[in-house]
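Be aware that the sequence shown starts at 472, since it is given in the numbering used here, and climbs by one per residue.
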Amino acid sequence: MASTQLSDIFVADYYGTLEPVNSPEKTAVYESGIITRSATLDNIAKNGQGTSEISYWQDLDADEAPNISNDDPDDLGAVGKAEQGSMRARTLYLNKGYGVSDLTAELANAEPMQHIRNRFGTYWTRQW
């Protein structure tokens, strides 16, 4: 199991302040707001079965030519249709653990777990 050890954090200037170097990486898809919460998907995730069948409407077929309007009452336009599809979904349960020994916090004169807490939400955001 990986954990933060003395060799990972110990520096000679023991009483110096440790400043985090946070990644500037952004998640454009997540931050754009196009990812939203869905009550349907929430219910699927809560069902406890791990898999589900999801029905949906297919998009309209853009390859079908539009009808040309005219004044001939016998010229009937083609009628398009809407179709449904379905897909199987699997619920994934993700986790990530971090470990820190008490001695590393003492010798670093800082709290590694606080740094982890401060960045944990950002870690999950970047998983998108």
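Note that beta-carbon positions come from the ideal geometry of N, C-alpha and C, so glycine has one too.
Minimum C-alpha distance to residue i - residue among the options
i: asparagine 518; options: Glu502, Trp528, Asn538, Leu563; result: Leu563
i: glutamine 555; options: Ser474, Ser526, Glu496; result: Ser526
i: glutamate 490; options: Pro583, Ser478, Phe591; result: Pro583
i: serine 523; options: Trp595, Thr511, Asp530; result: Thr511
i: leucine 565; options: Glu535, Trp599, Gly548; result: Trp599
i: lysine 606; options: Arg590, Val500, Asp543; result: This structure gives no information on residue 606, because the portion of the chain shown stretches from 472 to 599.
i: glutamine 529; options: Leu578, Lys552, Ala473, Ser503; result: Lys552
i: methionine 472; options: Asn514, Val571, Arg561, Val492; result: Val571
i: tyrosine 569; options: Thr507, Met558, Ile587, Gly504; result: Ile587
i: glycine 521; options: Asn493, Thr507, Arg561, Thr498; result: Arg561
Sub-7 Å separation of residue i and residue j beta-carbons
i: threonine 593; j: isoleucine 480; result: no
i: arginine 597; j: glutamate 502; result: no
i: glycine 548; j: asparagine 538; result: yes
Residue i classed as buried or exposed, judged by whether at least 16 other C-beta atoms fall within 10 angstroms
i: glutamine 585; result: exposed
i: valine 550; result: exposed
i: valine 500; result: exposed
i: alanine 579; result: buried
Identity of the residues DSSP links to residue i by a beta bridge
i: isoleucine 505; result: None; isoleucine 505 has no bridge partner.
i: glutamine 555; result: Trp528
i: alanine 576; result: DSSP, once it has assigned bridges, lists no residue as partnering alanine 576.
i: valine 571; result: Thr475
i: threonine 522; result: Arg561
Check: residue i C-beta below 6 Å from any heavy atom of the ligand NAP
i: lysine 497; result: Ligands are entirely absent from the displayed structure, and the ligand NAP is therefore not among its contents.
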